[in-house]
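Numbering (this note's numbering), first residue to last: 282 to 523. Glycine included, C-beta positions come from ideal geometry on N, C-alpha and C.
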């Protein structure tokens with residue numbers, strides 16, 4: 282039987298290890314920008330509806346039938362304007378950045394792909410497209426992974442070594458990543474604050490957990506100004522820094 286993920290309610294328990302971050306740091310910060318625009322479900326790509334998730338006009342978790350031109354424009358704002366504003370902010374401050382990049386999205390904006398490559402930013406594969414992997418068959422998901430790796434090699438100049446799905450992974454995702462052979466880690470887990478190892482198909486595989494706590498998707502749930510966002514991120518930092 283193929284490897285299947287199992288549930289673990291214990292983890293590191295009451296004595297989490299000291300990760301020994303460089304320089305004696307007590308916390309490791311990872312700045313991430315998700316680059317997804319152009320890879321979302323759309324009429325043009327055959328889904329039969331326009332994705333509206335995470336847009337200001339979101340009215341349904343599965344999108345609207347037909348073209349929603351407002352929703353399309355909000356996605357395009359991210360690639361046309363938002364990305365460049367974030368790029369300038371990080372370059373001006375000399376801060377490192379990880380790009381969770383959907384491969385097709387970067388194909389459709391070669392200028393952004395070139396800028397990511399020129400900045401030397403880390404690129405974590407966010408899938409071939411911004412779709413729900415748990416709805417793909419095993420064969421479809423394997424194909425998506427292969428397409429994503431090939432595409433990112435071409436657009437940003439090197440293959441990705443990290444992986445993070447949209448929403449949750451399928452029961453096959455981690456096994457397929459190990460099967461592909463070139464991934465050092467995935468971030469498709471939400472139940473821990475420290476990295477940990479899993480044995481998958483007899484091979485060691487690193488899991489670097491993800492948290493939605495400090496994801497700016499919270500703006501869609503009711504945050505109305507930047508002070509609220511800053512307060513949440515500040516408090517989360519303080520808790521982890523203790």
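Between the alpha carbons of residue 316 and residue 387, how many angstroms are there, rounded? For the purposes of this step, residue 316 is taken as residue 35 along the chain shown, with counting starting at 1. For the purposes of this step, residue 387 is taken as residue 106 along the chain shown, with counting starting at 1. Those two C-alpha atoms are separated by around 8 Å.
Do you know offhand how far residue 365's Cα is from residue 299's? The residue given as residue 365 occupies position 84 in the chain shown. The residue given as residue 299 occupies position 18 in the chain shown. A direct Cα-Cα distance of roughly 37 Å separates residue 365 from residue 299.
Determine the contact status of residue 314 and residue 362, defining contact as a CB-CB distance below 8 Å. Locating residue 314 in the chain shown gives position 33, counting from the first residue. Locating residue 362 in the chain shown gives position 81, counting from the first residue. No, Cβ-Cβ distance for residue 314 and residue 362 is not below 8 Å.
Do you know how far the Cα of residue 372 is from the Cα of residue 400? The count along the chain shown starts at 1 and reaches residue 400 at position 119. The count along the chain shown starts at 1 and reaches residue 372 at position 91. So the alpha carbons of these two residues sit roughly 8 Å apart.
On the DSSP bridge list, what partners appear for residue 467? What you label residue 467 is simply residue 186 of the chain shown in a count that begins at 1. For residue 467, which the question treats as bridged, DSSP gives the partners 444 and 488.
Who are the Cβ neighbours of residue 308 in its own chain at under 8 Å, not counting the five residues just before and after it? If you number the chain shown from 1, residue 308 lands on position 27. Cβ neighbours of residue 308 beyond the five flanking positions: 302, 518, 521 and 522.
Supposed close pair residue 467, residue 455 - CB separation, criterion 8 Å: Numbered from 1 along the chain shown, position 186 holds the residue referred to as residue 467. Numbered from 1 along the chain shown, position 174 holds the residue referred to as residue 455. Going by Cβ atoms, the distance from residue 467 to residue 455 rounds to 6 Å, so yes, they are a contact pair.
Which of helix, strand or coil does DSSP assign to residue 358? As a first step, residue 358 is located in the chain shown; it is residue number 77 there, counting from the start. Residue state, collapsed to three classes: helix.
To the nearest angstrom, report how far apart residue 291 and residue 473 are at their CA atoms. Here residue 291 refers to the residue found at position 10 when the chain shown is read from its first residue. Here residue 473 refers to the residue found at position 192 when the chain shown is read from its first residue. Going from the Cα of residue 291 to the Cα of residue 473 covers about 10 Å.
When 337, 335 and 330 are compared against residue 347, the one with the closest alpha-carbon: As a first step, residue 347 must be located in the chain shown, where it is residue number 66. The candidate whose alpha carbon is nearest that of residue 347 is 330.
Does residue 299 come out as helix, strand or coil in the three-state DSSP assignment? Locating residue 299 in the chain shown gives position 18, where the first residue counts as 1. The answer is coil: DSSP assigns residue 299 none of H, G, I, E or B.
Top-ranked residue by Cα proximity to residue 418, from 453, 288, 311 and 336: Sequence index remark: in the chain shown, residue 418 carries index 137 (1-based). For residue 418, the closest alpha carbon among the candidates 453, 288, 311 and 336 is that of 453.
Between residue 322 and residue 305, what straight-line distance do the alpha-carbon atoms span, to the nearest angstrom? The sequence position of residue 322 within the chain shown is 41, counting from 1. The sequence position of residue 305 within the chain shown is 24, counting from 1. Whole-angstrom Cα-Cα distance: 44 Å.
Apart from the five residues just before and just after residue 320, which ones in its own chain have a Cβ nearer than 7 Å to its Cβ? Here residue 320 is taken as the residue at index 39 of the chain shown, counted from 1. The residues are 383, 385, 386, 410 and 411.
Report back the beta-carbon spacing between residue 250 and residue 478 to the nearest angstrom; my notes put them in contact at under 8 Å. Coverage of the chain is limited to positions 282 through 523, which leaves residue 250 absent and any answer about it impossible.
Excluding the 5 residues preceding and the 5 following residue 336 in the sequence, name in chain order all residues of the same chain whose CB lies nearer than 6 Å to its CB. Translated into the one-based positions of the chain shown, residue 336 becomes position 55. Answer for residue 336: 352 and 355, listed in chain order.
Considering just the uninterrupted stretch of the alpha helix (DSSP H) at residue 365, what are its terminal residues? In the chain shown, counting from the first residue as 1, residue 365 sits at position 84. Per DSSP, residue 365 belongs to the alpha helix (DSSP H) from 364–374.
Which value, in whole angstroms, describes the spacing of the CA atoms of residue 460 and residue 398? Taking the chain shown and counting its residues from 1, the one referred to as residue 460 is at position 179. Taking the chain shown and counting its residues from 1, the one referred to as residue 398 is at position 117. Using only the alpha carbons, I get a separation of about 27 Å.
Please find out if some non-hydrogen atom of the ligand SAH comes closer than 7 Å to the beta-carbon of residue 290. Looking at this structure, you won't find the ligand SAH or any other ligand, since it has none at all.
Per DSSP, which one or two residues make a beta bridge with residue 346? Residue numbering aside, residue 346 sits at position 65 when the chain shown is read from its first letter. Bridge partners of residue 346: 330.
Residue 519 - containing alpha helix (DSSP H), residue span: Here residue 519 is taken as the residue at index 238 of the chain shown, counted from 1. It spans 507–522 - the alpha helix (DSSP H) in which residue 519 sits, taken as one unbroken run.
On the DSSP bridge assignment, give the partners of residue 477 in chain order. Translated into positions along the chain shown, residue 477 becomes position 196. Residue pairing of residue 477 in beta bridges, as defined by DSSP: 488.
Using 8 Å as the threshold, is the C-beta distance between residue 446 and residue 430 below it? By 1-based counting over the chain shown, the position of residue 446 is 165. By 1-based counting over the chain shown, the position of residue 430 is 149. In this structure, residue 430 does not lie closer than 8 Å to residue 446 by Cβ.
Under the three-state reduction of DSSP, which class applies to residue 389: helix, strand or coil? Start at 1 with the first residue of the chain shown, and residue 389 comes out as number 108. Three-state DSSP puts residue 389 in coil, outside helix and strand.
According to DSSP, residues forming a beta bridge with residue 403: Numbered from 1 along the chain shown, position 122 holds the residue referred to as residue 403. For residue 403, which the question treats as bridged, DSSP gives the partners 379.
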